[in-house]
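Enquirer: The sequence shown lines up with residues 324 to 546 when you count with our numbering. Here's a structure for you.
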Amino acid sequence: MFGGTETVASAIEWAMAELMNSPADLKKVQQELSDVVGLERVVHESDLEKLTYLKCAIKETLRLHPPIPLLLHETAVDSVLGGYRVPGKSRIMINAWAIGRDPSSWKDPDVFKPSRFLDEGAPDFKGSNFEFIPFGSGRRSCPGMQLGLYGLELSVAHLLHCFNWELPNGMKATELDMSDSFGLTAPRATRLVAVPSYRLSCPFPPEWKMNGIEKAEIESKAN
Ligand code: HEM
Numbered sequence: 324m325f326g327g328t329e330t331v332a333s334a335i336e337w338a339m340a341e342l343m344n345s346p347a348d349l350k351k352v353q354q355e356l357s358d359v360v361g362l363e364r365v366v367h368e369s370d371l372e373k374l375t376y377l378k379c380a381i382k383e384t385l386r387l388h389p390p391i392p393l394l395l396h397e398t399a400v401d402s403v404l405g406g407y408r409v410p411g412k413s414r415i416m417i418n419a420w421a422i423g424r425d426p427s428s429w430k431d432p433d434v435f436k437p438s439r440f441l442d443e444g445a446p447d448f449k450g451s452n453f454e455f456i457p458f459g460s461g462r463r464s465c466p467g468m469q470l471g472l473y474g475l476e477l478s479v480a481h482l483l484h485c486f487n488w489e490l491p492n493g494m495k496a497t498e499l500d501m502s503d504s505f506g507l508t509a510p511r512a513t514r515l516v517a518v519p520s521y522r523l524s525c526p527f528p529p530e531w532k533m534n535g536i537e538k539a540e541i542e543s544k545a546n
């Protein structure tokens with residue numbers, strides 16, 4: 324469960340933080356949500372395939388912040404890698420974080436730029452583009468990729484479709500701390516705190532009551 328929940332939670336928080344740190348991209352994602360879904364209903368699963376820019380923003384988040392930054396593997400047979408002999412049964416670590424920011428593969432590697440994934444031939448994370456491996460590659464790659472992506476895309480879509488977000492106490496986007504903390508997973512070093520305001524013209528779905536908070540309570544907090 325750790326692999327399936329912590330990875331998605333970390334990626335949701337990073338996606339929100341990167342978008343709040345890049346207001347022009349945030350605006351594009353929200354405009355796309357307004358155009359594709361409208362403001363009279365919530366996002367449905369079937370909308371996701373039409374949310375191209377949202378998907379680009381998610382990919383860009385996973386490039387900069389792969390939730391599992393180091394992939395731990397073992398070589399099956401003796402191999403030669405970059406001129407070095409690596410004996411079979413060696414433990415190896417693949418640095419997916421550094422690979423996603425390698426300047427020989429990525430232009431402006433440290434810049435959050437979702438539009439790079441609109442380019443024809445842009446790498447995808449299915450495992451055959453070795454410059455972009457947030458889900459690993461090969462036989463031991465992530466079996467939960469589709470479920471993880473679904474949870475990630477739908478959560479971020481709902482958060483940005485239902486609400487506008489502001490940083491607290493007049494904080495500017497440029498003041499956001501964007502450092503990662505490294506471990507088995509790579510969540511943000513400091514928690515993202517943001518203030519929502521309701522954005523839809525339909526009422527908040529009553530079935531979405533969270534932790535006993537009633538619809539009216541959510542709406543009054545949003546106003
Ligand atoms: C955004 C979400 C996720 C990301 C980025 C992610 C990423 C990864 C990565 C990088 C690996 C290691 C691959 C390798 O060593 O080459 C992995 C393995 C794994 N993931 Fe995920 N994962 C995500 C969500 C999930 C979910 C939702 C589940 C299950 C419900 C899941 C189940 C697993 C399992 C069981 C493995 C071990 C596979 C093996 O060792 O053969 N993951 N994941």
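For every residue, glycine included, the Cβ atom is placed at its ideal position computed from N, Cα and C. Computed from a prediction, not measured in an experiment: that's the story for all the values here.
(1) Since L342 contacts D348 with CB under 8 Å, what's their CB separation in whole angstroms?
(2) Leaving out five residues on either side along the sequence, give the residues of the same chain with a beta carbon under 7 Å from the beta carbon of T330.
(3) Hey, P437 and Y521: beta-carbon distance below 8 Å or not?
(4) M324 by DSSP, collapsed to three states: which one?
(5) Extract the residue ranges of the beta strand (DSSP E) inside the stretch 343–403, only unbroken runs of 3 or more that lie entirely within it.
(6) To the nearest whole angstrom, what separates the beta carbons of L371 and E476, a pair I think is in contact under 8 Å?
(7) Could you pull the start and end residues of the beta strand (DSSP E) that I415 belongs to?
(8) Quick check: the Cα distance between G411 and H481, rounded to an integer number of angstroms?
(9) Out of V400, D433 and K495, which has the shortest C-alpha to C-alpha gap to R414?
(10) By DSSP, does N492 sit in helix, in strand, or in coil?
(11) Just checking G406 against ligand 1 - is the residue's beta carbon closer than 7 Å to any of the ligand's heavy atoms?
Expert: The answer reads as follows:
(1) Taking the sequence shown and counting its residues from 1, one reaches residue 342 at position 19. Taking the sequence shown and counting its residues from 1, one reaches residue 348 at position 25. The Cβ separation is near 6 Å, so the contact holds.
(2) Position 7 of the sequence shown, counted from the start, is the residue given in the question as residue 330. P390, I391, G471 and T508, listed in sequence order.
(3) By one-based count along the sequence shown, residue 437 stands at place 114. By one-based count along the sequence shown, residue 521 stands at place 198. Contact: no.
(4) For the purposes of this step, residue 324 is taken as residue 1 along the sequence shown, with counting starting at 1. Note on M324: pLDDT 44, under 50, position unreliable in the model; the coordinate value appears next. M324: coil per DSSP, three-state reduction.
(5) 393–397
(6) Position 48 of the sequence shown, counting from 1, holds the residue named residue 371. Position 153 of the sequence shown, counting from 1, holds the residue named residue 476. Their Cβ separation, rounded to whole angstroms, is 5 Å, which keeps L371 and E476 in contact under 8 Å.
(7) The count along the sequence shown starts at 1 and reaches residue 415 at position 92. Its beta strand (DSSP E) spans residues R414 to N418.
(8) What you label residue 411 is simply residue 88 of the sequence shown in a count that begins at 1. What you label residue 481 is simply residue 158 of the sequence shown in a count that begins at 1. In a straight line, the C-alpha of G411 is about 47 Å away from that of H481.
(9) Within the sequence shown, numbered from 1, the residue matching residue 414 stands at position 91. For the residues V400, D433 and K495, the minimum Cα distance to R414 belongs to V400.
(10) The count along the sequence shown starts at 1 and reaches residue 492 at position 169. Helix.
(11) Within the sequence shown, residue 406 is the residue found at index 83, counting from 1. No; taking the cut-off as 7 Å, the Cβ of G406 has no heavy atom of ligand 1 nearer than that.
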